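> If you read the sequence shown in our numbering, its first letter stands for residue 1, the second for the next number, and so on. We put the CB at the ideal spot given by N, CA and C, even for glycine. Everything numeric in this text was worked out from a predicted model, so none of it was measured. Following this message is one structure expressed as structure tokens.
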Amino acid sequence: MALKVELKPHEKIIIGSCVITNTDQRAKLLIEGERVPILREKDILTPETADTPAKLLYLAVQLMYVARDPQDHHPVYFDLMRDLLSAMPSSVEIIQEINNHILSGDYYKALKESRKLIAHEAVLLAKARRNASASSLQGAA
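Spelled out as structure tokens, the structure:
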């Protein structure tokens with residue numbers, strides 16, 4: 001089955017191991033192929049934008065997804081995963097789902113599940129910031 005993708009001007013997309021940048025006009029692509037990794041720009045993280053532990057884990061899964069040999073990235077992923085579980089034990093169910101998808105070779109589903117981990121982390125970080133602000137206000141009073 002073919003995938004239809006419409007790109008905005010100057011939008012990037014990864015298809016396989018290639019980064020494709022659109023020109024200054026909208027473009028429509030029809031992509032055919034079996035299990036070809038495809039990532040739109042909005043779903044791509046770079047080392048510069050992976051600025052939290054959950055985003056680093058997503059980046060590791062992303063690298064597995066587009067790699068010719070995903071297992072090359074397994075050691076980094078599993079090290080990050082252990083560190084994340086130690087720091088954020090409430091993420092165990094999400095990480096188990098990510099692990100299940102990785103171990104079954106479905107890296108796209110692992111990426112989708114990793115987005116849930118980023119959202120969970122954001123909630124925890126926001127709560128920690130609110131608590132820190134409340135504590136500093138109480139200390140000032």
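In chain order, which alpha helix (DSSP H) runs of at least 4 residues are fully inside the region 5–74?
Listed in chain order, they are 53–66.
> Ignoring anything shorter than 4 residues, give me the alpha helix (DSSP H) runs that lie fully in the region 64–136, in order along the chain.
Listed in chain order, they are 74–87, 92–103.
> Report the rounded CA-to-CA distance for TYR65 versus THR23, giving the unit in angstroms.
Distance between the alpha carbons of TYR65 and THR23 is about 26 angstroms.
> So, at 7 angstroms on beta carbons, what are the nonlocal neighbours of THR52 in its own chain, with the 5 sequence-adjacent residues on each side left out?
So the list reads GLU121, once near-sequence residues are dropped.
> Between the region 85–94 and the region 65–76, do at least 3 Cβ pairs fall closer than 8 angstroms?
Because the criterion of three Cβ pairs below 8 angstroms is not met, the region 85–94 and the region 65–76 do not touch.
> What number of angstroms, rounded off, separates the C-alpha of GLN71 from the C-alpha of SER135?
Cα to Cα, GLN71 sits roughly 45 angstroms from SER135.
> Is the distance from the Cβ of LEU57 to the Cβ of LEU80 below 8 angstroms?
Contact: yes.
> With a 10 Å radius around its C-beta and 16 neighbouring C-beta atoms as the bar for buried, classify LYS55 as buried or exposed.
Buried is the call here.
> Between ILE31 and ILE20, how many whole angstroms is the CB-CB distance? I'm expecting something under 8 angstroms.
Contact doesn't hold; Cβ gap of about 10 angstroms is too wide.
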